[in-house]
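A quick write-up on the structure given underneath.
Number of protein chains: 2
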Amino acid sequence: MSEQADPVSTGALGEREREGTIELLGTIAYGTISGFTRMAADSEMATDLRLKRALASMAVKEFHNHELLVDHIIELGGDPIAAMAPFEEAFEAFHARTKPRNLLEGLVKAYIGDGIASDFYIEISKYVEPTSREIIRRASSDHRDVDTIVGAVRDGIVEDPRRGGPLALWGRRLVGEALTQGQVVAADREALSELVLGLSHDRPGATLNEMGELMQRITDRHRRRMGRLGLSA
Amino acid sequence: MSEQADPVSTGALGEREREGTIELLGTIAYGTISGFTRMAADSEMATDLRLKRALASMAVKEFHNHELLVDHIIELGGDPIAAMAPFEEAFEAFHARTKPRNLLEGLVKAYIGDGIASDFYIEISKYVEPTSREIIRRASSDHRDVDTIVGAVRDGIVEDPRRGGPLALWGRRLVGEALTQGQVVAADREALSELVLGLSHDRPGATLNEMGELMQRITDRHRRRMGRLGLSA
Chain A
1 MSEQADPVST GALGEREREG TIELLGTIAY GTISGFTRMA ADSEMATDLR
51 LKRALASMAV KEFHNHELLV DHIIELGGDP IAAMAPFEEA FEAFHARTKP
101 RNLLEGLVKA YIGDGIASDF YIEISKYVEP TSREIIRRAS SDHRDVDTIV
151 GAVRDGIVED PRRGGPLALW GRRLVGEALT QGQVVAADRE ALSELVLGLS
201 HDRPGATLNE MGELMQRITD RHRRRMGRLG LSA
Chain B
1 MSEQADPVST GALGEREREG TIELLGTIAY GTISGFTRMA ADSEMATDLR
51 LKRALASMAV KEFHNHELLV DHIIELGGDP IAAMAPFEEA FEAFHARTKP
101 RNLLEGLVKA YIGDGIASDF YIEISKYVEP TSREIIRRAS SDHRDVDTIV
151 GAVRDGIVED PRRGGPLALW GRRLVGEALT QGQVVAADRE ALSELVLGLS
201 HDRPGATLNE MGELMQRITD RHRRRMGRLG LSA
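Structure follows, in structure tokens:
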């Protein structure tokens, strides 16, 4: 079967490929709903109404991305609740281990955490058939409205430069925890691994070399975001 | 000036009426953003993903209503942040005094609190010029997608009927706190009071008799919602 020849008809997906695709969509769908909840809850720490609105608006985008993914899981014949359930534990563990202690940590988490997750999903979407790829890209890219958040972090550091060190550490910790939980997710999902490695379809899968380059691109983009915040990565 | 003859041109509002209208819009705008935050945060208590999504979806609607109101405040030449600021204290006091201790209380609060607030805003919108009235109605009426929430409360009571009594008390407490904070808001806002009483425009204002009927309608609708939950009001 060649999905590239027939990008619209997801009905033509082989069973194992469909399974892997639904696993990936389920991962991102749970990630977006848990991201929504955490960001919205963290927006409570903002006493500045402009900032509260900026965080709320980011959270709401997460929810709309979530809905987009859920709709597509249904289109592929999957059950969204069942598809998301296996990823609950890893995402909740990530959030439990990265609970911001103050607003600045919450803002860094929203910007850095969401940025890494989106980059990662877009990278992985390369190995998915075109229709699902397009959905994942749409659900991952609408996060450019972050100037208020970036500005507030920079202002916070200018106001008290001693905040820079701990916030840089916090950024590193977010990445570490994300990688840890990401590995937990990947290790358990065979159909998803087969999809990424190209074992369940006839498009080229990821080579070890490509996976290295992918991690490099994600790291570079993370470093740029940290720099935008005025933090060393 | 007669706004009824010229419903679209809000630029024709007298200064005092404009002030009162912006006060009302600011009240509802702060109410919706704080409702968003609280509902989204309360959705964390839901372990059932279907329920989590239902609460998240209600929260997201609140945010969109918030945006609608903020845009209209700008159209009227107001500053949304300044317009909302005076109401922060009352709404935050309401939420601080009605923090749900468990998911069922959170669900009852989302359904009952949001219902009363919407009913109240729609009633008050009668005294506002037509364009703003339409915005307030649109921002207050999109909350009919509550079957999942109502069902979960009913199920919770069926599962353990001893929950019914405390939840009914909780519902009454929500109304009591809402009325208390509502009075705090109303007492301090002169332009808004003049607007409702018809002192700043030439449409008919509220009579004492009408205010009584208004409270009656709000009470009746509240009672119906409590009944839908299986609770005595």
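Here the protein sequences line up with chains A and B, keeping their order. So in UniProt numbering, the last one in the first sequence is 233, and the numbering has no gaps at all. So in UniProt numbering, the last one in the second sequence is 233, and the numbering has no gaps at all. By construction, the Cβ of each residue, glycine as well, lies at the ideal position given by its N, Cα and C atoms. The structure presented is a predicted model; accordingly, all values stated were derived computationally and were not measured.
If you run the structure through DSSP and keep just helix, strand and coil, what is G114/A? For the purposes of this step, residue 114/A is taken as residue 114 along the first sequence, with counting starting at 1. Checking the sequence shown, residue 114/A turns out to be Asp, not Gly. In this structure, D114/A counts as helix in the three-state DSSP scheme.
DSSP three-state call for T47/A: helix, strand or coil? Taking the first sequence and counting its residues from 1, one reaches residue 47/A at position 47. Residue state, collapsed to three classes: coil.
Quick one: is F94/A near chain B, going by C-beta distance under 8 Å? One-based indexing of the first sequence puts residue 94/A at position 94. Chain B, which has no Cβ nearer than 8 Å to the Cβ of F94/A, makes this no.
Residue nearest to L69/B in terms of C-alpha spacing, selected from M211/B, E213/B, L24/B and S200/B: If you number the second sequence from 1, residue 69/B lands on position 69. The residue with the shortest Cα to Cα distance from L69/B is L24/B.
Residues of chain A with a CB under 7 Å from the CB of F63/B: which are they? Position 63 of the second sequence, counting from 1, holds the residue named residue 63/B. The answer, in chain order, is A56 and V60.
Can you tell which of G115/B, R16/B, T148/B and I22/B has its C-alpha closest to the C-alpha of S132/B? Locating residue 132/B in the second sequence gives position 132, where the first residue counts as 1. Comparing Cα positions, the closest option is I22/B.
What runs of the alpha helix (DSSP H), each 4 residues or longer, lie entirely inside the segment 144-212 of chain B? Fully enclosed alpha helix (DSSP H) runs of 4 or longer: 147-159, 164-188 and 190-196.
Assuming P80/A and A29/A make a contact with CB atoms under 8 Å, what is their CB distance in whole Å? One-based indexing of the first sequence puts residue 80/A at position 80. One-based indexing of the first sequence puts residue 29/A at position 29. Contact holds; Cβ gap of about 6 Å.
Could you tell me which of L197/B, M215/B, H201/B and Q216/B sits nearest to T207/B, measuring between CA atoms? As a first step, residue 207/B must be located in the second sequence, where it is residue number 207. When each option's Cα is compared against that of T207/B, the closest is L197/B.
Below 8 Å between beta carbons: does that hold for L55/A and L104/A? Here residue 55/A refers to the residue found at position 55 of the first sequence. Here residue 104/A refers to the residue found at position 104 of the first sequence. The beta carbons of L55/A and L104/A sit no closer together than 8 Å.
Anticipated Cβ contact below 8 Å, residue 234/A with F63/B, distance rounded: Here chain A comprises residues numbered 1 to 233, so residue 234/A is not present and cannot be evaluated.
Taking DSSP as the reference, what is the three-state secondary structure of N65/A? Indexing the first sequence from 1 puts residue 65/A at position 65. Look at N65/A here: in three-state DSSP terms it is helix.
At a cut of 8 Å, does the segment 146-163 of chain B reach the segment 74-92 of chain B through at least three beta carbon pairs? No, the segment 146-163 of chain B is not in contact with the segment 74-92 of chain B.
Between T37/B and H201/A, what straight-line distance do the alpha-carbon atoms span, to the nearest angstrom? Residue numbering aside, residue 37/B sits at position 37 when the second sequence is read from its first letter. Residue numbering aside, residue 201/A sits at position 201 when the first sequence is read from its first letter. Approximately 43 Å between the Cα atoms of the pair.
Which residues of the segment 199-210 of chain A have a Cβ closer than 9 Å to any Cβ of chain B? Give them in chain order. Of all residues in the segment 199-210 of chain A, none comes within less than 9 Å of chain B when Cβ atoms are compared.
Against chain A, does R97/B count as a neighbour if the rule is that its beta carbon must be under 8 Å from one of theirs? Locating residue 97/B in the second sequence gives position 97, where the first residue counts as 1. For R97/B, the answer is no, since every Cβ of chain A falls outside 8 Å of its Cβ.
Just to check my reading of the structure: I149/A and A187/A have Cβ atoms closer than 8 Å, yes? What is that Cβ distance to the nearest angstrom? As a first step, residue 149/A is located in the first sequence; it is residue number 149 there, counting from the start. As a first step, residue 187/A is located in the first sequence; it is residue number 187 there, counting from the start. About 33 Å; that fails the 8 Å criterion.
The segment 126-148 of chain A: which residues have C-beta closer than 9 Å to a C-beta of chain B, in chain order? Of all residues in the segment 126-148 of chain A, none is placed with a Cβ closer than 9 Å to any Cβ belonging to chain B.
Would a check of beta-carbon distances place S118/A closer than 8 Å to chain B? Here residue 118/A refers to the residue found at position 118 when the first sequence is read from its first residue. For S118/A, no Cβ of chain B is located within less than 8 Å of the residue's own Cβ.
Measuring alpha carbon to alpha carbon, tell me which residue in G156/A, H222/A, R203/A and R53/A is nearest L179/A. Translated into the one-based positions of the first sequence, residue 179/A becomes position 179. Closest option to L179/A, Cα to Cα, is H222/A.
Taking only beta-carbon atoms, is F87/A less than 8 Å away from chain B? Stepping through the first sequence from its first residue, residue 87/A is reached at position 87. Closer than 8 Å: no.
By the criterion of Cβ-Cβ separation under 8 Å, what are the contact partners of G37/B in chain A? Residue numbering aside, residue 37/B sits at position 37 when the second sequence is read from its first letter. The question names Gly, but residue 37/B in the sequence shown is Thr. Think of a sphere of 8 Å around the beta carbon of T37/B: the chain A residues whose beta carbon falls inside it are A40, A41, S43, E44, K52 and A56, in chain order.
On the criterion of 16 or more Cβ atoms from any shown chain inside 10 Å, does Q181/B qualify as buried, or is it exposed? Position 181 of the second sequence holds residue 181/B. Counting of Cβ neighbours within 10 angstroms places Q181/B among the buried residues, the total reaching 16 or more.
Straight-line Cα distance separating A41/A from I73/A: The residue given as residue 73/A occupies position 73 in the first sequence. The residue given as residue 41/A occupies position 41 in the first sequence. Distance from the CA of I73/A to the CA of A41/A, rounded to the nearest whole angstrom, comes to 27 Å.
Comparing the C-beta of M84/B with each C-beta of chain A, is any distance below 8 Å? Translated into the one-based positions of the second sequence, residue 84/B becomes position 84. With 8 Å as the cut-off, M84/B counts as an interface residue toward chain A.
Let's test the definition: count the other Cβ atoms within 10 Å of the Cβ of T32/A and tell me whether it reaches 16, buried, or not, exposed. Position 32 of the first sequence, counted from the start, is the residue given in the question as residue 32/A. T32/A is buried by the Cβ-count criterion.
Top-ranked residue by Cα proximity to T27/B, from N65/B, L51/B and E15/B: Taking the second sequence and counting its residues from 1, the one referred to as residue 27/B is at position 27. For T27/B, the nearest C-alpha among the options comes from N65/B.
By DSSP, does V108/B sit in helix, in strand, or in coil? Along the second sequence, read from residue 1 onward, the residue named residue 108/B stands at position 108. Correct three-state label for V108/B: helix.
Alpha carbon to alpha carbon, what distance is there between I124/A and A117/A? By 1-based counting over the first sequence, the position of residue 117/A is 117. By 1-based counting over the first sequence, the position of residue 124/A is 124. Going from the Cα of A117/A to the Cα of I124/A covers about 11 Å.
Which of the three DSSP states, helix, strand or coil, is assigned to K126/A? Taking the first sequence and counting its residues from 1, the one referred to as residue 126/A is at position 126. Helix, per DSSP.
7 Å Cβ shell around L107/B - same chain, five flanking residues per side excluded: Here residue 107/B refers to the residue found at position 107 when the second sequence is read from its first residue. Answer for L107/B: I149, A152 and V153, listed in chain order.
Find the residues of chain A that neighbour L69/B, judging by a C-beta separation of less than 9 Å, and give them in chain order. Within the second sequence, the letter at position 69 stands for residue 69/B. The premise fails here: L69/B is roughly 12 Å from chain A at the closest Cβ pair, so nothing lies under 9 Å.
Would you say G20/B and E194/B are within 8 Å of each other, going by their C-beta atoms? Taking the second sequence and counting its residues from 1, one reaches residue 20/B at position 20. Taking the second sequence and counting its residues from 1, one reaches residue 194/B at position 194. In this structure, E194/B lies closer than 8 Å to G20/B by Cβ.
Residue 247/A versus F120/A - alpha carbon distance: Absent from the structure is residue 247/A, since the part of chain A shown begins at 1 and ends at 233.
Let me see if you follow: with CB-CB separation under 8 Å, is L107/B close to chain A or not? Here residue 107/B refers to the residue found at position 107 when the second sequence is read from its first residue. No, because no Cβ of chain A sits closer than 8 Å to the Cβ of L107/B.
Would M84/A pass as a contact of L49/B if the rule is Cβ separation under 8 Å? Working through the first sequence from its first residue, we reach residue 84/A at position 84. Working through the second sequence from its first residue, we reach residue 49/B at position 49. In contact: M84/A and L49/B (Cβ atoms closer than 8 Å).
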